[in-house]
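Residue numbers for the sequence shown follow this note's numbering, so the first one is 1 and each next one is one higher.
Read through the structure below, which is laid out as structure tokens, and then see the notes.
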Amino acid sequence: MTTELVEKVRAYVLSNFPVADASAVPNDGSLMELGVVDSTGLLEVFEWLKDEYGIEVQDAEMVPENFDGIARIAGYIARKQGAAA
Numbered sequence: 001m002t003t004e005l006v007e008k009v010r011a012y013v014l015s016n017f018p019v020a021d022a023s024a025v026p027n028d029g030s031l032m033e034l035g036v037v038d039s040t041g042l043l044e045v046f047e048w049l050k051d052e053y054g055i056e057v058q059d060a061e062m063v064p065e066n067f068d069g070i071a072r073i074a075g076y077i078a079r080k081q082g083a084a085a
């Protein structure tokens with residue numbers, strides 16, 4: 001996972017789920033616990049992954065380990081891209 005990928009995910013999250021203080025959202029923080037993203041928001045993230053990266057999120061992959069944090073989303077993208085290579 002690259003810093004560039006983490007920053008791209010961060011930019012997406014913060015532009016689509018506005019927060020009062022972006023610095024209060026660490027890359028390894030829980031987006032759900034911080035109130036940045038809710039279950040409906042996750043559906044938007046899944047759609048973005050499909051549109052931006054061609055990644056179809058499978059039901060079994062819809063777990064906090066993959067999506068409850070900026071770094072986790074970036075790691076998921078990197079793994080999926082590696083699997084497709």
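For each residue, glycine too, the CB sits at the ideal point set by N, CA and C.
Treat the numbers as computed from the prediction; the structure is a model and nothing was measured.
Can you say whether Val63 is buried or exposed, counting buried as having 16 or more other CB atoms within 10 angstroms of its CB? exposed
Ile64, DSSP secondary structure in three states: In the sequence as presented, Ile is not what sits at residue 64; that position holds Pro. The answer is helix: DSSP assigns Pro64 an H, G or I state.
Ala20 (DSSP reduced to helix, strand or coil): coil
Using 8 Å as the cut-off, can you tell me whether the region 30-37 makes contact with the region 54-69, which would need three or more C-beta pairs spanning the two stretches below that distance? yes
Cα-Cα separation between Asp38 and Trp48, rounded to whole angstroms: Whole-angstrom Cα-Cα distance: 15 Å.
Assuming Asn16 and Glu44 make a contact with CB atoms under 8 Å, what is their CB distance in whole Å? 6 Å
Proximity winner among Asp21, Phe46, Lys50, relative to Val36 (alpha-carbon distances): Asp21
Would you report the Cα separation of Glu52 and Pro18, rounded to the nearest angstrom? 20 Å
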